[in-house]
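What follows is a set of notes on a single structure, which appears directly below.
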Amino acid sequence: MRIALLTYSTKPRGGVIHTMELAEALHRLGQEVCIFALNKDGGQFCRPLQCDYR
Numbered sequence: 327m328r329i330a331l332l333t334y335s336t337k338p339r340g341g342v343i344h345t346m347e348l349a350e351a352l353h354r355l356g357q358e359v360c361i362f363a364l365n366k367d368g369g370q371f372c373r374p375l376q377c378d379y380r
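My numbering puts the sequence shown at residues 327 to 380.
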């Protein structure tokens, strides 16, 4: 299954961290996951991710 998760930022805030954790848990279960994040500052996530992101 292909899953897209959306989040409002790449900055380490509660909802963003929960999205990252959920995406990685689904990825470990064998799902194809990609996080789409609004990123007006051009920054990266606070740590490397095991799944795809844009």
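Note that the Cβ used here is the ideal one computed from N, Cα and C, for glycine as well.
Checklist entry - What does DSSP give as the partner residues of Ala351 in its beta bridges? => result DSSP, once it has assigned bridges, lists no residue as partnering Ala351.
Checklist entry - Going by the beta-carbon positions, is the gap between His353 and Gln370 smaller than 7 Å? => result Against a cut-off of 7 Å, the Cβ pair of Gln370 and His353 comes out as no contact.
Item to check | The beta strand (DSSP E) enclosing Leu364, as first and last residue numbers | outcome: Counting along the chain, Leu364 falls outside any beta strand (DSSP E), and DSSP gives it neither H nor E.
Checklist entry - Which residue's Cα is closest to the Cα of Lys366: Asp378, Arg373, Thr336? => result Taking only the C-alpha atoms, the option nearest Lys366 is Thr336.
Checklist entry - Could you give the distance in angstroms between the alpha-carbon of Leu332 and the alpha-carbon of Thr345? => result So the two alpha carbons sit approximately 8 Å from each other.
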